[in-house]
Each structure stands twice: as C-alpha cells, then as structure tokens.
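Participant: Supplied in structure tokens, the structure appears directly below.
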Amino acid sequence: AQSVAQPEDQVNVAEGNPLTVKCTYSVSGNPYLFWYVQYPNRGLQFLLKYITGDNLVKGSYGFEAEFNKSQTSFHLKKPSALVSDSALYFCAVSPEENAGNMLTFGGGTRLMVKP
Amino acid sequence: DGGITQSPKYLFRKEGQNVTLSCEQNLNHDAMYWYRQDPGQGLRLIYYSQIVNDFQKGDIAEGYSVSREKKESFPLTVTSAQKNPTAFYLCASRGGVQAINSPLHFGNGTRLTVT
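Heads up: the protein sequence lines correspond to chains L and F, in order. So for the first sequence, our numbering puts the first residue at 1; every next one is plus one. So for the second sequence, our numbering puts the first residue at 1001; every next one is plus one.
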C-alpha cells in the first residue's frame, strides 16, 4: 500500500523569502506524484505533477518540485513567497500501475506567508 | 465554464437519517471520485467510478453508497450506518481512461454536519 508523509503541519515564511513544503512517499514501483493547493472552504487545485523525465517539475503560480528517487521525496518549492500563497498544500502519490487512479494524499501542510 | 458543481455547500442532518450529496460535472470526464476530508488527515477515497454504471470502493466505503447512471452525475449517499459522518466531502473528476496522467479536478465541496 502506498503512503505519503508531510512532516510539517505548518510552514511559516516571510514574503519574498524562498519556501519549501516537504513530502516523502512510499509506493511500489514507479510513482506518479502530485501537488495540490486548497484555499478555505474550497476544493483542491492542481499545481504540478511528476510522471517521468526531468526531476525538477515546474507548475502553476511559480511553484516547482524536485523528485528525488533515492530519498523518496517530492518537495514543493518557490523562490519568492507571496502572501497570497498562504493556503493548505497536499502532496499525493499513485503507483504507476494505477495510472493516477488511486491517489493517496498526505495530511496537508498549512503555509503561512507573512508580510 | 466547465467544472464540477457540488450541492449543497452546507448540509445539516439529524443522526439516523440518510442524506445524498450531489456532484455534477460538465467536463466530459469519464472518471469521478468522492473523497472525505477531516482535519489533519488529508483526503481519503470513499468511492470512484471510471465509467457509467460501474464503480469501486475506495479506502473508507463503509456506510456510503453511490450510483453512476449518467456520465455527468455521481451522487453520494451517506447512510445511517456511517458512524462518524460529519466531514467535508469533495467530489472530483478526471479525463477518461485514456488520460492516464491527468490530474483531478475538484468541486468546492459539501460540508456535512450530523447532530
């Protein structure tokens, strides 16, 4: 069975500083990895995904994530945080054999960007 | 605009009553999903359907039922057998079985409170 760990319940960062939201995963075979963002009382919005290819994936709103197979990690990053980036972030994984159909989500990390 | 509509946004029920949550999509997606979100636990898959008239149990299907009579619609019934039904319920869809890498598109959720 697959699993996702987001070790930090909350990440605090000052506006303009770089941010990192951590994610590690466990899955049989090759992983499909996703990051989603959730604003209050809303559904999740897709940010980016890793399927294959370059380990550095670029997504929406200036976010990127780096796939590290040896460390089974897929950390979300942004060079310069904005106050509007404050939200709840979810990492998700699916084994390649399920083709993204059975996503397992992490518990979420709340990002707080302060002016 | 294409999207997923969940209704109602807020729902209140007495314990022992069944309740049905609506999910409609006009994205022409084949696959649809129901997730439950509890604080600090991320999203957990209740049921999913890859095609009309077919659906499969997810990780926490007990106490729930679904139907998929139309491609656009995937209603979820929370039965009186569900021991802890109060939660935020999210419906999602994904491009057809050919779109194996496509991300999930989410509705804005229904917050169910059972007292």
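We put the CB at the ideal spot given by N, CA and C, even for glycine.
For F67 (chain L), is the classification buried or exposed, using 16 other Cβ atoms within 10 angstroms of its Cβ as the cut-off for buried?
Facilitator: F67 (chain L) is buried by the Cβ-count criterion.
Participant: Against F1106 (chain F), what residues of chain L qualify as contacts under a CB-to-CB distance less than 9 Å, listed in chain order?
Facilitator: Within 9 Å Cβ-Cβ: Y36, Q38, R42, G43, L44, Q45 and F46.
Participant: Which chain L residues sit within Cβ distance under 8 Å of N1018 (chain F)?
Facilitator: The premise fails here: N1018 (chain F) is roughly 24 Å from chain L at the closest Cβ pair, so nothing lies under 8 Å.
Participant: Under 8 Å by Cβ, that's how I've got G59 (chain L) and L48 (chain L) pegged, so tell me the actual separation to the nearest angstrom.
Facilitator: Sure, about 3 Å apart at Cβ, within 8 Å.
Participant: Mind listing, in chain order, the continuous beta strand (DSSP E) runs of no fewer than 3 residues lying wholly within the region 1057-1083 of chain F?
Facilitator: DSSP runs (the beta strand (DSSP E)) wholly in the region 1057-1083 of chain F: 1064-1066 and 1076-1078.
Participant: Does P1075 (chain F) have its Cβ less than 8 Å from a Cβ in chain L?
Facilitator: By this cut-off, P1075 (chain F) is not an interface position.
Participant: Whose Cβ in chain F lies nearer than 9 Å to the Cβ of K114 (chain L)?
Facilitator: Here the premise fails: no neighbours, minimum Cβ distance about 22 Å.
Participant: Comparing the C-beta of F90 (chain L) with each C-beta of chain F, is any distance below 8 Å?
Facilitator: True, the Cβ-Cβ gap to chain F drops below 8 Å.
Participant: Rounded to a whole number of angstroms, what is the C-alpha to C-alpha distance between R138 (chain L) and Q1050 (chain F)?
Facilitator: It is not possible to answer for residue 138 (chain L), since the shown part of chain L is limited to 1 through 115.
Participant: Can you tell me where the beta strand (DSSP E) with E66 (chain L) in it begins and where it stops?
Facilitator: Its beta strand (DSSP E) spans residues E64 to N68.
Participant: At the 8 Å Cβ level, is N1101 (chain F) part of the contact set with chain L, yes or no?
Facilitator: Yes, contact with chain L.
Participant: Would you report the Cα separation of E64 (chain L) and Y39 (chain L), rounded to the nearest angstrom?
Facilitator: Each residue's alpha carbon lies about 19 Å from the other.
Participant: Let me see if you follow: with CB-CB separation under 8 Å, is G62 (chain L) close to chain F or not?
Facilitator: No, no contact with chain F.
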